[in-house]
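K.L.:
These protein sequence lines map, in sequence, to chains C and G.
Counting the first sequence from 1 gives a position; our numbering is that position plus 42.
Counting the second sequence from 1 gives a position; our numbering is that position plus 29.
Cβ coordinates follow ideal geometry from the N, Cα and C atoms, glycine included.
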Amino acid sequence: MNLDLDEADAAFQEEARAWLRDNVPAAPLPSMDTAEGFAAHREWEALLAEHRWSVVSWPQEYHGREASLLQWVIFEEEYYRSGAPGRVSQNGIFLLAPILFEHGTQEQQGRFLPSMATGEQVWAQAWSEPEAGSDLASIRSTATRDDARGGWVLNGQKTWSSRAAFADWGFGLFRSDPAAERHRGLTYFLFPLDAEGVTVRPIAQLDGEPGFAEIFFDDVFVPDRDVLGAPGDGWRVAMSTAGNERGLSLRSPGRFCAAADRLVDLWRRQSGTKQGRRDAERAADRVVDAWIGAQAYRAYTWGTVTRLAGGGETGAAGSVNKLFWSELDIALHETALDLLGPESELRGEDAPDAGWWSDGYLFSLAGPIYAGTNEIQRNIVAERVLGLPREARRGER
Amino acid sequence: MRFALTDEQQGFAEVLDDLLTASDTPGVVRAWGEGDAGPGLELWHRLAEMGVTGLLVPEEQGGLGADEVDLVVAFEALGRHAVPGPWVESVTLLPVLLHHTQEDQLLAGIVSGETRATVAVSEIAPLALDADVADATFVLDRNVLRHGEPGEVRRSIDPARRLFPLTPGHEVAAVDEPTVAKAHDTAVLACAAQLLGAGERLLDDAVAYAKQRKQFGRLIGEYQALKHALADVRVALDFARPLVHVAALSLHAGSQEAGRDVSAAKVATGGAAYAAARTALQVHGAIGYTAEHDLGLWVTKTRALLTAWGTPARHRARVLDSLMPLPEMPEA
Chain C
43 MNLDLDEADA AFQEEARAWL RDNVPAAPLP SMDTAEGFAA HREWEALLAE HRWSVVSWPQ
103 EYHGREASLL QWVIFEEEYY RSGAPGRVSQ NGIFLLAPIL FEHGTQEQQG RFLPSMATGE
163 QVWAQAWSEP EAGSDLASIR STATRDDARG GWVLNGQKTW SSRAAFADWG FGLFRSDPAA
223 ERHRGLTYFL FPLDAEGVTV RPIAQLDGEP GFAEIFFDDV FVPDRDVLGA PGDGWRVAMS
283 TAGNERGLSL RSPGRFCAAA DRLVDLWRRQ SGTKQGRRDA ERAADRVVDA WIGAQAYRAY
343 TWGTVTRLAG GGETGAAGSV NKLFWSELDI ALHETALDLL GPESELRGED APDAGWWSDG
403 YLFSLAGPIY AGTNEIQRNI VAERVLGLPR EARRGER
Chain G
30 MRFALTDEQQ GFAEVLDDLL TASDTPGVVR AWGEGDAGPG LELWHRLAEM GVTGLLVPEE
90 QGGLGADEVD LVVAFEALGR HAVPGPWVES VTLLPVLLHH TQEDQLLAGI VSGETRATVA
150 VSEIAPLALD ADVADATFVL DRNVLRHGEP GEVRRSIDPA RRLFPLTPGH EVAAVDEPTV
210 AKAHDTAVLA CAAQLLGAGE RLLDDAVAYA KQRKQFGRLI GEYQALKHAL ADVRVALDFA
270 RPLVHVAALS LHAGSQEAGR DVSAAKVATG GAAYAAARTA LQVHGAIGYT AEHDLGLWVT
330 KTRALLTAWG TPARHRARVL DSLMPLPEMP EA
């Protein structure tokens, strides 16, 4: 057991750190959920890609560096430590791309991956529907075969689609076999959000910004070449990265380590003020617990990296992971707000730390809900990790 | 970078687990608590034969010269099986303290399993564990190690922890500060590993019970209320474990952050194990609350270890202090 970086990894870390130091915008970009902020984040993605930092683990031909998993973790740590902007391409590069690499045709890979890497095409996920949230397999949106045109016709509604308000393309599951039930008869589709028959209606989130949207499909034609994996095999295809999303790629430890360091710094500042000292004293244990939590997540990830490098899989452990970071994120931001006292409710430029904590807090509240609610994750941990009996579900007894 | 136990360490863990599983440790614990140390001492000798008592003693002094990761593997097994006795004192604190002294004979006795030693440490372990079965009893007052004369036994909520006040006697050695600090940290780390093992055992037992106990015509493990509580314990233990290993590596490397990392491990394992104890008891219900059921042996031990070798408050304060002058994250 050792935590030493070899020469190549240390050099990679140094290179990433130096580039970020010289290139990260000094002032934070506007929120990516505004038109102006979305454009600014897209430009940032282009700059990252130009210097091959946008998708470090991808092959060279798609703007990557073929970095190892460990190097990816190192990069993420440096990235968030440097205060770099959030990733507007996240849905594409971390959720869709792994599926494209695993199940996509070479033609699809060549067509989609480069523009995803540069931010030229930003992707939105389209999983949930009004009647299919935690129970994702009860999807009702349909795909009807159109042999004449060589493709499928999509109808129905998706909702809570992150980034859809400004994104270019979407990906999601549709019921292609109406006779099949639940996990069967679903197909994975890729579709441009400006296609004929697609209507995107932004939804303002708790923070007031249109971070997600509803997507309506009214006879939207999708050619066969934009089907990912085999028709009817969509559930299996989609689930092949669910573990990735919850397990590693969605929220890397770097984010939390950087936030925990900022929390410690905030604690120190508040302890030095007359008004803040009392609150700081009371919050000290929670500051420590948040810092310990970030360290635990960091070390846990090294274990995951070691296991995956040895041929292991994330599997249901991804759910353990998601429970931990989503709760940690809230605890971390709640503690910061408590430290800020009466100023904690302020947002915007003239708020403490330019609103970094209040924005982060609002964002953290979504963590236990997206990527599968924490209740669903606890069921998965209980049934697939601990081996507890499956709960009897309606119609199964 | 390779953050996983080696095959040898995993093998060591399995061998210890097999031995302890076959040793009726609940029976050993009960006898120990009633003052019958016989079965416990027999087990002590068997563990000594496997090298547990000599882990931290250098090879030239007859020990194994193993590292801190090996140590936490062993102590996790001791915690998992609630093995009674002054293990932390004999196997971690004293060997580290006495490393540079002339106490070769005492160390040789510890390695062979012939000698059990215990020690009271000002502030973090003011009462000495199992002084009645120890052949050598010490008081560590800051950096001075003295012989200690045991007084009357004090009862713990963990019946297998027999605690004794010691009256300091003549000086054995004055030990340099870094060695004292390392000895402290090694003891705290061993206790953290015991907590981790105890927590894993409590979770295992609770899950096993939830898979066979039926109420309202269903296995209670089907109910989300229990599932979610047990899942939370799994999460807490999974994220405490790597902190124990990080702390072991820090201690081994003589890192400046060793004290901080050890304290973080103690806080995390204490919290996780205590949550495991509360949840396991709740899952078992009334049967778990009986003296007859073995669950209570771990429930009470976990509560005792939570504040042994430094309270959570003390360790949190140490982490916070360490973060103040140097808020930077350590390098990977």
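So that I know if they touch, is there some Cβ in chain C lying closer than 9 Å to that of LYS330(G)?
P.N.:
Taking the second sequence and counting its residues from 1, one reaches residue 330(G) at position 301. No, LYS330(G) lies away from the interface with chain C (no Cβ there is under 9 Å from its Cβ).
K.L.:
PRO55(G) to ASP47(G), Cα distance in whole Å?
P.N.:
Numbered from 1 along the second sequence, position 26 holds the residue referred to as residue 55(G). Numbered from 1 along the second sequence, position 18 holds the residue referred to as residue 47(G). Those two C-alpha atoms are separated by around 15 Å.
K.L.:
Assuming GLY108(G) contacts ALA222(G) (C-beta within less than 8 Å), just tell me the rounded distance between them.
P.N.:
The residue you call residue 108(G) lines up with position 79 of the second sequence. The residue you call residue 222(G) lines up with position 193 of the second sequence. About 6 Å; that satisfies the 8 Å criterion.
K.L.:
Please tell me whether GLY250(G) has its Cβ less than 9 Å away from any Cβ of chain C.
P.N.:
Residue numbering aside, residue 250(G) sits at position 221 when the second sequence is read from its first letter. It does: the Cβ of GLY250(G) has a partner Cβ on chain C nearer than 9 Å.
K.L.:
Could you list which residues in chain G have their beta carbon closer than 8 Å to that of VAL329(C), in chain order?
P.N.:
What you label residue 329(C) is simply residue 287 of the first sequence in a count that begins at 1. The answer, in chain order, is LEU349.
K.L.:
Looking at THR208(G): is its Cβ nearer than 9 Å to the Cβ of HIS281(G)?
P.N.:
For the purposes of this step, residue 208(G) is identified with residue 179 of the second sequence, where counting begins at 1. For the purposes of this step, residue 281(G) is identified with residue 252 of the second sequence, where counting begins at 1. Their beta carbons are not under 9 Å apart, which means THR208(G) does not touch HIS281(G) by this criterion.
K.L.:
Are the stretch 184-198 of chain G and the stretch 211-231 of chain G touching by the rule of at least three beta carbon pairs closer than 8 Å?
P.N.:
no
K.L.:
Please confirm if GLU357(G) has its CB atom under 9 Å from at least one CB of chain C.
P.N.:
On the second sequence, residue 357(G) is found 328 positions in, with the first residue counted as 1. Because GLU357(G) carries a pLDDT of 47, less than 50, the predicted location of this residue cannot be relied on, and the following value inherits that uncertainty. For GLU357(G), the answer is yes, since a Cβ of chain C falls inside 9 Å of its Cβ.
K.L.:
So, is ARG320(C) buried or exposed, given that buried needs 16 or more other C-beta atoms within 10 angstroms?
P.N.:
Taking the first residue of the first sequence as 1, we reach residue 320(C) at position 278. By the neighbour-count rule (16 or more Cβ atoms within 10 Å), ARG320(C) is not buried but exposed.
K.L.:
Taking LEU126(G) as the reference, which of GLN253(G), GLY64(G), LEU169(G) has the closest Cα?
P.N.:
Here the question's residue 126(G) lines up with position 97 in the second sequence. Per the Cα distances, LEU169(G).
K.L.:
What are the uninterrupted segments assigned as alpha helix (DSSP H) that are 4 or more residues long and contained completely in the stretch 111-193 of chain G, given in chain order?
P.N.:
123-127, 133-141
K.L.:
With VAL262(C) and VAL279(C) assumed to form a contact (beta carbons below 8 Å), what rounded beta-carbon distance in angstroms separates them?
P.N.:
Numbered from its first residue, the first sequence carries residue 262(C) at position 220. Numbered from its first residue, the first sequence carries residue 279(C) at position 237. Going by Cβ atoms, the distance from VAL262(C) to VAL279(C) rounds to 20 Å, so no, they are not a contact pair.
K.L.:
Starting from the Cα of ARG328(C), find the closest Cα among LEU70(G), ALA160(G), ARG345(G), HIS110(G) and give me that residue.
P.N.:
Within the first sequence, the letter at position 286 stands for residue 328(C). Taking only the C-alpha atoms, the option nearest ARG328(C) is ARG345(G).
K.L.:
Among the residues of its own chain, which have a CB less than 7 Å from the CB of ARG297(C), if the five just before and after it don't count?
P.N.:
Start at 1 with the first residue of the first sequence, and residue 297(C) comes out as number 255. For ARG297(C), where only same-chain residues beyond five positions count, the Cβ hits under 7 Å are TYR122.
K.L.:
Among GLY357(C), LEU45(C), ALA336(C), ARG324(C), which has the Cα closest to the Cα of ARG304(C)?
P.N.:
Taking the first sequence and counting its residues from 1, one reaches residue 304(C) at position 262. Ranking GLY357(C), LEU45(C), ALA336(C), ARG324(C) by Cα distance to ARG304(C) puts ALA336(C) first.
K.L.:
Should TYR339(C) be flagged as near chain G, meaning a C-beta pair shorter than 9 Å?
P.N.:
Mapped onto the first sequence, residue 339(C) falls at position 297. For TYR339(C), the answer is yes, since a Cβ of chain G falls inside 9 Å of its Cβ.
K.L.:
Please state if the CB of LEU232(C) and the CB of GLY443(C) are separated by a distance shorter than 9 Å.
P.N.:
The question about residue 443(C) has no answer here: the residues shown for chain C are numbered 43 through 439.
K.L.:
Are the CB atoms of GLY193(C) and ASP266(C) within a distance shorter than 9 Å?
P.N.:
Here the question's residue 266(C) lines up with position 224 in the first sequence. Here the question's residue 193(C) lines up with position 151 in the first sequence. Yes, Cβ-Cβ distance for ASP266(C) and GLY193(C) is below 9 Å.
K.L.:
Please report the residue range of the alpha helix (DSSP H) in which VAL279(C) lies.
P.N.:
The residue labelled residue 279(C) in the question sits at position 237 within the first sequence. Per DSSP, VAL279(C) belongs to the alpha helix (DSSP H) from 276-281.
K.L.:
Leaving out the 5 sequence neighbours to the left and right, which residues in its chain are closer than 6 Å to SER386(C) when beta-carbon positions are compared?
P.N.:
Against the first sequence, residue 386(C) aligns to sequence position 344. Same-chain partners within the cutoff: LEU379.
K.L.:
With a 10 Å radius around its C-beta and 16 neighbouring C-beta atoms as the bar for buried, classify VAL44(G) as buried or exposed.
P.N.:
Here residue 44(G) is taken as the residue at index 15 of the second sequence, counted from 1. The residue is exposed, with fewer than 16 neighbouring Cβ atoms inside 10 Å.
K.L.:
Taking C-beta pairs closer than 8 Å, name the residues in chain C that LYS243(G) reaches, listed in chain order.
P.N.:
Translated into positions along the second sequence, residue 243(G) becomes position 214. Per Cβ cutoff of 8 Å: no residues; LYS243(G) is ~11 Å from chain C at best.
K.L.:
Go ahead and label MET281(C) buried or exposed: buried means 16 or more other beta carbons lie within 10 angstroms of its beta carbon, across all protein chains shown.
P.N.:
Position 239 of the first sequence, counted from the start, is the residue given in the question as residue 281(C). Classification of MET281(C): exposed, given that the 10 Å Cβ count is below 16.
K.L.:
Taking the runs of the alpha helix (DSSP H) that are 4 residues or longer, which of them lie wholly in the stretch 206-294 of chain G?
P.N.:
206-241, 253-282
K.L.:
Mind checking which residues open and close the beta strand (DSSP E) that includes LEU196(C)?
P.N.:
Looking up residue 196(C) in the first sequence gives position 154. Looking at the DSSP string, the run of the beta strand (DSSP E) that includes LEU196(C) is 193-204.
K.L.:
Between PHE167(G) and chain C, is there a C-beta pair that is closer than 9 Å?
P.N.:
What you label residue 167(G) is simply residue 138 of the second sequence in a count that begins at 1. Not an interface residue.
K.L.:
Taking 9 Å as the CB-CB cut-off, is GLU118(C) touching chain G?
P.N.:
Along the first sequence, read from residue 1 onward, the residue named residue 118(C) stands at position 76. Output row for GLU118(C): interface = no.
K.L.:
Any C-beta of chain C within less than 8 Å: which residues of the stretch 184-213 of chain G qualify?
P.N.:
none
K.L.:
Since GLU55(G) is in the beta strand (DSSP E), which residue starts that stretch and which ends it?
P.N.:
For the purposes of this step, residue 55(G) is taken as residue 26 along the second sequence, with counting starting at 1. Note that residue 55(G) is Pro in the sequence shown, not Glu. Here PRO55(G) belongs to no beta strand (DSSP E); instead the alpha helix (DSSP H) covers 54-62.
K.L.:
Note the first and the last residue of the continuous alpha helix (DSSP H) segment covering GLU144(C).
P.N.:
Your numbering for residue 144(C) matches position 102 in the first sequence. Counting along the chain, the alpha helix (DSSP H) containing GLU144(C) begins and ends at 139-145.
K.L.:
Run down chain G in chain order and give the residues with a C-beta less than 9 Å from the C-beta of GLY250(C).
P.N.:
Residue mapping note: residue 250(C) aligns to position 208 of the first sequence, counting from 1. Correct list: empty, because the minimum Cβ distance to chain G is about 32 Å.
K.L.:
Flag this pair as yes or no: are the beta carbons of ALA306(G) and GLY198(G) separated by less than 9 Å?
P.N.:
Residue mapping note: residue 306(G) aligns to position 277 of the second sequence, counting from 1. Residue mapping note: residue 198(G) aligns to position 169 of the second sequence, counting from 1. Taking 9 Å as the Cβ cut-off, ALA306(G) and GLY198(G) do not qualify as a contacting pair.
K.L.:
May I have the straight-line CA-CA distance separating ARG182(C) from ALA168(C), to the nearest angstrom?
P.N.:
Residue mapping note: residue 182(C) aligns to position 140 of the first sequence, counting from 1. Residue mapping note: residue 168(C) aligns to position 126 of the first sequence, counting from 1. If I take the Cα positions, the gap works out to 13 Å.
K.L.:
Pull up the distance between the alpha-carbon of LEU352(G) and that of ALA222(C), whole angstroms please.
P.N.:
Counting from 1 along the second sequence, the entry for residue 352(G) is found at position 323. Counting from 1 along the first sequence, the entry for residue 222(C) is found at position 180. Distance between the alpha carbons of LEU352(G) and ALA222(C): 57 Å.
K.L.:
Report buried or exposed for ALA179(C), applying the criterion of at least 16 other Cβ atoms within 10 angstroms of its Cβ.
P.N.:
The residue labelled residue 179(C) in the question sits at position 137 within the first sequence. With fewer than 16 other Cβ atoms within 10 Å, it is exposed.
K.L.:
List the residues of chain G that GLU433(C) touches, going by C-beta distances under 7 Å, in chain order.
P.N.:
Locating residue 433(C) in the first sequence gives position 391, counting from the first residue. In chain order: GLU251, GLN253.
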